[in-house]
Amino acid sequence: MSESRISVAVPSLDGNEKKYLNECIDENWISSAGKFIGRFEADFGRYVATSHAMTCANGTAALHLALAAVGVKEGDEVIMPTFTYVATANAVRYCGAKPVFVDCEEGTWNIDPSQIEKRITSRTKAIIPVHLYGHPSDMDPVMAIAKPHGIAVIEDAAQALGAFYRKRPAGGLGTISTFSFFGNKTVTTGEGGMVCTADPELAQRVKILRNQGMDPNRRYWFPEVGYNYRMTNLQAAIGLAQLERVESLLQRRAQVAARYREALRGTEDRFELPKVEDWAKHSYWMFSVVLSPKLKVSRDRVMEKMMERGIETRPFFYPMHVLPMYAESSEPYPIATSVAARGINLPTHAHLKDRDVDRVVSELKKVCEG
Ligand SMILES: *Cc1c(COP(=O)(O)O)cnc(C)c1O
Numbered sequence: 061m062s063e064s065r066i067s068v069a070v071p072s073l074d075g076n077e078k079k080y081l082n083e084c085i086d087e088n089w090i091s092s093a094g095k096f097i098g099r100f101e102a103d104f105g106r107y108v109a110t111s112h113a114m115t116c117a118n119g120t121a122a123l124h125l126a127l128a129a130v131g132v133k134e135g136d137e138v139i140m141p142t143f144t145y146v147a148t149a150n151a152v153r154y155c156g157a158k159p160v161f162v163d164c165e166e167g168t169w170n171i172d173p174s175q176i177e178k179r180i181t182s183r184t185k186a187i188i189p190v191h192l193y194g195h196p197s198d199m200d201p202v203m204a205i206a207k208p209h210g211i212a213v214i215e216d217a218a219q220a221l222g223a224f225y226r227k228r229p230a231g232g233l234g235t236i237s238t239f240s241f242f243g244n245k246t247v248t249t250g251e252g253g254m255v256c257t258a259d260p261e262l263a264q265r266v267k268i269l270r271n272q273g274m275d276p277n278r279r280y281w282f283p284e285v286g287y288n289y290r291m292t293n294l295q296a297a298i299g300l301a302q303l304e305r306v307e308s309l310l311q312r313r314a315q316v317a318a319r320y321r322e323a324l325r326g327t328e329d330r331f332e333l334p335k336v337e338d339w340a341k342h343s344y345w346m347f348s349v350v351l352s353p354k355l356k357v358s359r360d361r362v363m364e365k366m367m368e369r370g371i372e373t374r375p376f377f378y379p380m381h382v383l384p385m386y387a388e389s390s391e392p393y394p395i396a397t398s399v400a401a402r403g404i405n406l407p408t409h410a411h412l413k414d415r416d417v418d419r420v421v422s423e424l425k426k427v428c429e430g
């Protein structure tokens, strides 16, 4: 095959990334102090329209910090969708708490707000809506359910930088929110994360916890067990350069998604495409298709055959309730179980050409014929 390979995700590093990195080295600031940390945090906070944005080591650490900051402890319960990336559940377990799962909705594949209330107990301390693949969760009903119970809402916005819910940026909607800057995310720092909140007390807790729990007014005085979850100036330098170009990165993703939809028109009998609610702006971290159960070929075989044709794809996440450490026998979660087994993420990134998208779709149609 002479045609080049098409990857699922490719970082776009052709802005000021190299220039800012070189400044870190030239100025000898490569650790977790330095000018880029503050600049990245300030710009990110403006972008997400939140008063406090705090860098950290990665998106999982961001979730752990957010959970610890809102006071999740041993024996508590945290409600989340079963259909998410494993980090959401793992961070809850790091706090000694129990993840309590909820099925997803048809269409957006996000947490079904109508099934949250029945999972609330006296031990419920937080709800984590995850904006899956870049479509925001339906936040108003989630906030309305949480409020009378005094439960914190932590948005896992790792996949949703640039998404909007009713004209408000994802990550600025809950009590506190988290982002990831892993290499395949819309904005990357290699590894990295951010915690955002409008609450100054929560912000202070996050800053203390990510720095070993040190008393901010008394050097080397540690009144509690904290973490070293700091980001480096090198990572922040890349993040700042990425953020300068975030609009064009998002715009290209939106164009790629629109072209997928156009090329897949008339295939509704074979492929379910991601639904976009009229109140949502999708950030298209991943453009996905869910294969119809009527297709004769299995999801994994489709992915294998796409790979043989030089096109990398990715299966949907396994729902948390089937993983060994979170396995439950009594709760079926039928929608998440069904969608997760049939979903595929197609190549989605800012370097895709129109002809790449067309090639993905034409191969996908051929592969699914039989
Ligand atoms: C990527 C991701 C994370 C974790 O981020 P890392 O930076 O890889 O630790 C958490 N939640 C979701 C939904 C993610 O996609």
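Residue numbers (this note's numbering): 61 to 430.
Quick reminder that beta carbons are idealized off the backbone N, C-alpha and C, glycines included.
Nothing here was measured: the structure is a model prediction, and the numbers come from that model.
| Query | Result |
| --- | --- |
| Would you say Lys-341 and Ala-223 are within 8 Å of each other, going by their C-beta atoms? | yes |
| According to DSSP, is Met-363 part of a helix, a strand, or is it coil? | helix |
| From Pro-384 to Arg-279, what distance separates their C-alpha atoms? | 42 Å |
| Going along the chain, which residues of its own chain have a beta-carbon closer than 6 Å to the beta-carbon of Met-61, five neighbours each way excluded? | Only weak support exists for where Met-61 lies, its pLDDT of 48 falling under 50; the value from the coordinates is given anyway. So the list reads Gly-370, once near-sequence residues are dropped. |
| So Pro-173 packs on Pro-201, CB below 8 Å; how close in whole Å? | 4 Å |
| Among Tyr-107, Ser-343, Arg-330, Ser-398, which one has its Cα closest to the Cα of Val-316? | Ser-343 |
| Within 10 angstroms of its Cβ, does Thr-235 collect 16 or more other Cβ (buried), or is it exposed? | buried |
| Is Lys-335 helix, strand or coil by DSSP? | coil |
| Starting from Thr-257, follow the alpha helix (DSSP H) in both directions and report where the run begins and ends. | Segment 253-257 is the beta strand (DSSP E) holding Thr-257; no alpha helix (DSSP H) there. |
| Quick check: does the Cβ of Asn-288 come within less than 7 Å of any heavy atom belonging to ligand 1? | no |
| Identify the residues that DSSP records as bridge partners of Arg-270: which are they? | According to DSSP, which records beta bridges pairwise, Arg-270 is partnered with nothing at all. |
| Leaving out the 5 sequence neighbours to the left and right, which residues in its chain are closer than 7 Å to Lys-335 when beta-carbon positions are compared? | Gly-167, Thr-168 |
| Below 8 Å on the Cβ atoms is my contact criterion, and I expect Ala-129 with Leu-262 to pass it. Report the Cβ-Cβ distance as a whole number of Å. | 5 Å |
| Closer than 7 Å to a non-hydrogen atom of ligand 1 - does that hold for the CB of Gln-295? | no |
| Compute the minimum distance between the beta carbon of Ser-240 and the heavy atoms of ligand 1, and state whether it is under 7 Å. | yes |
| Who does Asn-288 pair with in a DSSP beta bridge? | Asn-271 |
| Quick one: using the 10 Å Cβ neighbour count with 16 as the cut-off for buried, is Asp-86 buried or exposed? | exposed |
| Measuring from the CB of Gly-119, is there a heavy atom of ligand 1 at a distance below 7 Å? | yes |
| May I ask you to check if the CB of Tyr-145 is nearer than 7 Å to at least one heavy atom of ligand 1? | yes |
| How should Val-285 be labelled, buried or exposed, when 16 other C-beta atoms within 10 angstroms of its C-beta is the threshold for buried? | exposed |
| Out of Glu-337, Lys-133, Val-162, which has the shortest C-alpha to C-alpha gap to Gly-156? | Lys-133 |
| In whole angstroms, what is the alpha-carbon distance linking Thr-110 and Gly-232? | 6 Å |
| Going by DSSP, what residues sit across from Val-420 in a beta bridge? | Answer is none; Val-420 lacks a bridge partner. |
| Where does Cys-428 sit, in a helix, a strand or coil, going by DSSP? | coil |
| Within this structure, are the beta carbons of Thr-246 and Trp-345 separated by less than 8 Å? | yes |
| Within 10 Å of its beta-carbon, does Asp-275 have 16 or more other beta-carbons around it, so buried, or fewer, so exposed? | exposed |
| Restricting to Cα atoms, I'd like to know which of Tyr-320, Cys-84, Asp-216, Lys-413 is closest to Val-146. | Asp-216 |
| Pick helix, strand or coil for Met-435, following the three-state DSSP scheme. | Limits of the chain in this structure are 61 at one end and 430 at the other, which puts residue 435 out of reach. |
| If we count the other Cβ atoms within 10 Å of its Cβ and call it buried at 16 or more, is Pro-353 buried or exposed? | exposed |
| Which one of Pro-196, Ala-151, Asn-150, Glu-137 has the shortest CA to CA distance from Ile-180? | Glu-137 |
| Could you give the C-beta distance for Ile-205 and Thr-184, rounded to a whole number, given that I count them as a contact under 8 Å? | At roughly 10 Å, the Cβ-Cβ gap does not stay under 8 Å, so Ile-205 and Thr-184 are not in contact. |
| Buried or exposed: Arg-359, going by 16 or more other Cβ atoms within 10 Å of its Cβ? | buried |
| What first and last residue would you give for the beta strand (DSSP E) that runs through Thr-184? | 184-187 |
| Relative to the C-alpha of Gly-403, which candidate in Phe-347, Ala-387, Tyr-393, His-411 has its C-alpha closest? | Phe-347 |
| Once you ignore the five residues that flank Leu-269 on each side, which residues in its own chain have a CB closer than 7 Å to its CB? | Leu-125, Ala-128, Ala-129, Gly-286, Tyr-287 |
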